[in-house]
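J.: Quick one: structure below, then a few questions.
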Amino acid sequence: MERVTGKKLENNILPASHKVLIMEYLLSCSTKEMIKYKELEYPTFINECAMLLFNGKLGEYISVLSQCRAMAREDVDNAR
Numbered sequence: 330m331e332r333v334t335g336k337k338l339e340n341n342i343l344p345a346s347h348k349v350l351i352m353e354y355l356l357s358c359s360t361k362e363m364i365k366y367k368e369l370e371y372p373t374f375i376n377e378c379a380m381l382l383f384n385g386k387l388g389e390y391i392s393v394l395s396q397c398r399a400m401a402r403e404d405v406d407n408a409r
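Under the working numbering, read the sequence shown as residues 330 to 409, first letter to last.
Okay, here's the thing in structure tokens:
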């Protein structure tokens, strides 16, 4: 996400599996709801993901989602 947005994000705050769930949920949101999530009152991760979708950057969004999925799988493997 940092490469895409150019902003430094705290990676340790939110587990990768939660990021995946958030991103999958955002894909199902209407435009009206997406506008709400790009407000500053939401966490940065949600803002940035919503902005990617709102601005039509689906390719970048899917790339970030794939990275989060890979990190979530890695977290599961490391927990074993």
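Backbone N, C-alpha and C define an ideal beta-carbon position, used for all residues, glycine too.
Note that the structure is predicted; figures quoted are calculated from it, not measured.
So, for Tyr366: in the same chain, excluding its five sequence neighbours on each side, which residues have a beta-carbon less than 6 Å away from its beta-carbon?
T.: Only Ile375, Ala379 meet the Cβ criterion.
J.: For Ser357 and Tyr371, what's the separation of their Cα atoms in angstroms?
T.: Rounded to the nearest angstrom, the two C-alpha atoms are 18 Å apart.
J.: Between the C-alpha atoms of Ser359 and Ser395, what's the straight-line distance to the nearest angstrom?
T.: The alpha-carbon atoms of Ser359 and Ser395 are separated by roughly 22 Å.
J.: Check for me: the alpha helix (DSSP H) holding Gly385 runs from which residue to which?
T.: It is not in any alpha helix (DSSP H) - Gly385 carries neither H nor E in the DSSP assignment.
J.: If you draw a straight line from the alpha carbon of Met363 to that of Asp406, how long is it in whole angstroms?
T.: In a straight line, the C-alpha of Met363 is about 33 Å away from that of Asp406.
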